[in-house]
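K.L.:
Got a structure here, written out as structure tokens. Questions coming.
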Ligand code: DAV
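Residue numbers (the working numbering): 4 to 399.
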């Protein structure tokens, strides 16, 4: 009798009490494009950030030669509170700017990333930070997809936005909530020999698109994906393999979404498409002059009437000593509606290009360089949960 509370009758009561399932009145998850009018989005937080530990998916380097000599090796454990506060100040300001533009903002939960992690298959001494929410989850139409990431220190980062996902799913009866198979992150998922290649070897092999992960399991970061309505494009990279692209293709085919790969051979260690190929609006892409798209991919875009506009060199190519991203964070802009974009304040050249050659009427410059420490800029540190847009077909 002691087990009676586990009977089906009791379970129904439990379900009703806890409001599981659609309530049918509330917010909607919706984002088909990179440019629809933004109504709601998540902005990352830098709290409790730690240095990413050395691991098969990432062998970090201090990018300032002087500091590299002084320190000798990659630091471990927590980042300084000063560095965290500086980033948080800029992230909070982004929230204010977005709210001022009529965008509702949500924030990840503050979690303690200094805890070590041990699974049956790997261990790391600490975790990372929930700053670049763009990497962990993506909205594709009415579906939220939790990524299959490659970095061990980011294994549980998605939990920082789980409450947001729970709330959305409960409120929106049309929302689909999917998670790619959680990667094992076992040693055999990686190709460690890639790290030993010289730049010359990487250049020689650039058309093979082989990086530090193999194809044993589907792997992708959400930031390897960009959306154009019915079509999404995914870049094979250090953080995304062909198995990951194939997983997305099979999952999204029943919804009529076409998944394409996009190749950028000149980026010898690519990660994430949002500093390389930035969709500005229908038929317009901001391209990276040092990382042109492969010819066979370019043809497909051009046939469908798309135009490419090369970004100029960054006005300020500098980045913090521990940032693992490139100077092209300058291109990591955030389009928040047709003709409306947020750009890092020092990137005057790009601001002018967007205004005078790309049809943007509202270009909002904001300071954001202290967020570069965590590997991203304006696009990386956000996740759009609602845009006013539809499943447009721009590759008919
Ligand atoms: O080009 O340095 C930066 C990563 C953005 N999440 C780059 C990639």
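For each residue, glycine too, the CB sits at the ideal point set by N, CA and C.
Which partner residues of residue 253 appear in the DSSP bridge assignment?
P.N.:
Note: residue 253 sits in no beta bridge, so no partner.
K.L.:
Residue 161 by DSSP, collapsed to three states: which one?
P.N.:
helix
K.L.:
Quick check: the Cα distance between residue 59 and residue 364, rounded to an integer number of angstroms?
P.N.:
44 Å
K.L.:
Below 8 Å CB to CB, which residues in the same chain sit around residue 5 once its five sequence neighbours on both sides are set aside?
P.N.:
The pLDDT assigned to residue 5 is 38, lower than 50, so where the model puts this residue is not dependable; a value taken from the coordinates is nonetheless given after this. Within the same chain, residue 5 has no close Cβ partners at all.
K.L.:
For the alpha helix (DSSP H) containing residue 303, name the first residue and the last one.
P.N.:
Per DSSP, residue 303 belongs to the alpha helix (DSSP H) from 298–306.
K.L.:
Residues in its own chain within less than 7 Å of residue 48 by CB, not counting five upstream and five downstream?
P.N.:
Here the set comprises 91, 94, 110, 111, 113, 133 and 134.
K.L.:
Identify, in the order they occur along the chain, each residue of the same chain with its Cβ nearer than 7 Å to the Cβ of residue 128, setting aside the five sequence neighbours on each side.
P.N.:
These residues qualify, in order along the chain: 56, 79 and 119.
K.L.:
Roughly how many whole angstroms lie between the Cα atoms of residue 360 and residue 250?
P.N.:
37 Å
K.L.:
Decide if residue 290 is buried, meaning its Cβ has at least 16 other Cβ atoms within 10 Å, or exposed.
P.N.:
buried
K.L.:
Can you tell me the Cα-Cα spacing of residue 282 and residue 252, whole angstroms?
P.N.:
20 Å
K.L.:
Would you mind listing the alpha helix (DSSP H) stretches within the segment 167–213 that are 4+ residues and don't spill past its ends, in chain order?
P.N.:
Segments of the alpha helix (DSSP H) lying fully in the segment 167–213: 202–207.
K.L.:
Residue 277 and residue 226 - do their beta-carbons sit closer together than 8 Å?
P.N.:
Result yes, Cβ atoms of residue 226 and residue 277 sit closer than 8 Å.
K.L.:
Could you spell out where the beta strand (DSSP E) holding residue 41 opens and where it closes?
P.N.:
40–46
K.L.:
Tell me whether residue 342 counts as near the ligand MG, meaning its Cβ is closer than 7 Å to at least one heavy atom of that ligand.
P.N.:
With respect to the ligand MG, the structure shown offers nothing to examine, as its ligands consist of the ligand DAV.
K.L.:
Can you tell me whether residue 315 sits near the ligand DAV, meaning its C-beta is under 7 Å from at least one heavy atom of the ligand?
P.N.:
It does not: the Cβ of residue 315 is nowhere closer than 7 Å to a heavy atom of the ligand DAV.
K.L.:
For the ligand DAV, any of its heavy atoms closer than 7 Å to the Cβ of residue 1?
P.N.:
This structure does not reach residue 1, given that the chain is present from 4 up to 399, and the question cannot be answered.
K.L.:
Examine the ligand DAV and report whether any of its heavy atoms sits within less than 7 Å of the Cβ of residue 226.
P.N.:
yes
K.L.:
So, residue 318 versus residue 343, is the Cβ gap smaller than 8 Å?
P.N.:
At a Cβ-Cβ threshold of 8 Å, residue 318 and residue 343 do not count as neighbours.
K.L.:
Measuring alpha carbon to alpha carbon, tell me which residue in 32, 139, 211 and 220 is nearest residue 162.
P.N.:
139
K.L.:
Could you round the C-beta distance between residue 336 and residue 286 to whole angstroms and report it? I think they count as a contact, below 8 Å.
P.N.:
The Cβ separation is near 18 Å, so there is no contact.
K.L.:
Would you say residue 406 and residue 216 are within 8 Å of each other, going by their C-beta atoms?
P.N.:
Residue 406 is absent from the structure shown; the chain starts at 4 and stops at 399.
K.L.:
Excluding the five sequence neighbours on either side, which residues of its own chain have a C-beta within less than 7 Å of the C-beta of residue 362, listed in chain order?
P.N.:
342
K.L.:
Could you have a look at residue 374 and say whether DSSP puts it in helix, strand or coil?
P.N.:
Here DSSP, grouped into helix, strand and coil, assigns residue 374 to helix.
K.L.:
Taking all protein chains shown into account, decide if residue 156 is buried (16 or more other Cβ within 10 angstroms of its Cβ) or exposed.
P.N.:
buried
K.L.:
For residue 159 and residue 328, I'd like the C-alpha separation in whole angstroms.
P.N.:
22 Å
K.L.:
Whole-angstrom Cβ separation of residue 34 and residue 393, contact assumed at under 8 Å?
P.N.:
Not really, about 11 Å apart at Cβ, beyond 8 Å.
K.L.:
Exposed or buried, residue 353, counting other C-beta atoms within 10 Å across all chains shown (16 or more means buried)?
P.N.:
Answer is buried; the Cβ neighbour count reaches 16.
K.L.:
What residues in its chain sit with their C-beta under 8 Å from that of residue 3, if we drop five residues either side in the sequence?
P.N.:
This structure cannot settle anything about residue 3, because the visible part of the chain is limited to 4 through 399.
K.L.:
Helix, strand or coil: how does DSSP classify residue 331 here?
P.N.:
helix
K.L.:
Where does residue 234 fall in DSSP's three states?
P.N.:
Taken through DSSP and simplified to helix, strand or coil, residue 234 comes out as strand.
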